[in-house]
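Numbering (our numbering), first residue to last: 1137 to 1321.
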Amino acid sequence: MTTQNQLGSPNIIRSKDKNALEQNSDGVSIQVEKLSDRQRQITARVQIHQPVQKVWKILTDYESLVEFIPNLTKSSLIEHPDGGIRLEQIGSQCLLNFKFCARVVLDLEEIFPKLIKFAMVEGDFKGFSGFWSLKPYKLGTGEGTDLCYTIRVWPKLTMPIGIIENRLANDLQCNLLAIRQRASW
1137 MTTQNQLGSP NIIRSKDKNA LEQNSDGVSI QVEKLSDRQR QITARVQIHQ PVQKVWKILT
1197 DYESLVEFIP NLTKSSLIEH PDGGIRLEQI GSQCLLNFKF CARVVLDLEE IFPKLIKFAM
1257 VEGDFKGFSG FWSLKPYKLG TGEGTDLCYT IRVWPKLTMP IGIIENRLAN DLQCNLLAIR
1317 QRASW
């Protein structure tokens, strides 16, 4: 069974059905899945009319993400003790006249050209992990990219889960639209 969120947004659904994705008029599909009382998995998907390699290059230019991703105020590569990819990101926005900032330090694993996995090693959540998935599809004589972004979030007790869930679901939609727009340059 699925229900629309309390804010009346027709493009975000809550479901236990992992295949239940609803697409809005912008072509972005969002699903929010309740994993436990305070843990959510949010999946967003969009088709981008550009090849996988171009979308991959945009996603992995980590320090340039702040130039076009809404509410992302910092995205910096930092030293990883084992030589891997470590990224510090800070998101900031106003909610109900309150400035909300969240910081995460993520370890990333790139599996070119189809998957970027990440997991929080430090930050403002109890847990934060997920992945970007890129799949090619035929687009006339060319190729497009089916881009999927899945996060699993576990907020600290001081963060209201309902607000975090709605904010992240809306942000994921905006982020995918920003990536699609960037890819069309």
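In this text, a Cβ means the ideal position worked out from N, Cα and C, and glycines have one as well.
Return the chain-ordered list of same chain residues with a C-beta closer than 6 Å to the C-beta of residue i, the five sequence neighbours on each side being excluded.
i, result
"E1224", "S1212, I1214 and V1241"
"G1263", "W1290"
"I1287", "I1178 and G1266"
Might you give, ordered along the chain, the residues of its own chain that have their beta carbon closer than 7 Å to the beta carbon of residue i, omitting 5 neighbours on each side?
i, result
"L1308", "I1166, I1178, A1180 and Y1285"
"F1204", "A1314 and R1318"
Which residues bound the alpha helix (DSSP H) around residue i?
i, result
"I1300", "I1297 to A1319"
Can you tell me whether residue i is buried or exposed, with buried defined as 16 or more other CB within 10 angstroms of its CB?
i, result
"W1192", "buried"
"F1254", "buried"
"N1233", "exposed"
"T1281", "buried"
"E1258", "exposed"
Which of the three DSSP states is assigned to residue i in this structure?
i, result
"V1164", "coil"
"L1195", "helix"
Output the boundary residues of the beta strand (DSSP E) element that contains residue i.
i, result
"Q1175", "Q1175 to I1184"
Regarding residue i and the ligand COA, is the C-beta to nearest heavy atom distance less than 7 Å?
i, result
"P1249", "Of ligands this structure carries none, so the ligand COA is not represented either."
Fully enclosed by the segment 1205 to 1249, which beta strand (DSSP E) runs are 3 residues long or longer? Runs of the beta strand (DSSP E) inside the segment 1205 to 1249: 1208 to 1214, 1221 to 1231 and 1234 to 1247.
Please give the ranges of any alpha helix (DSSP H) in the segment 1251 to 1295, keeping only runs that are unbroken, at least 4 residues long and fully inside the region. Qualifying alpha helix (DSSP H) stretches: none in this window.
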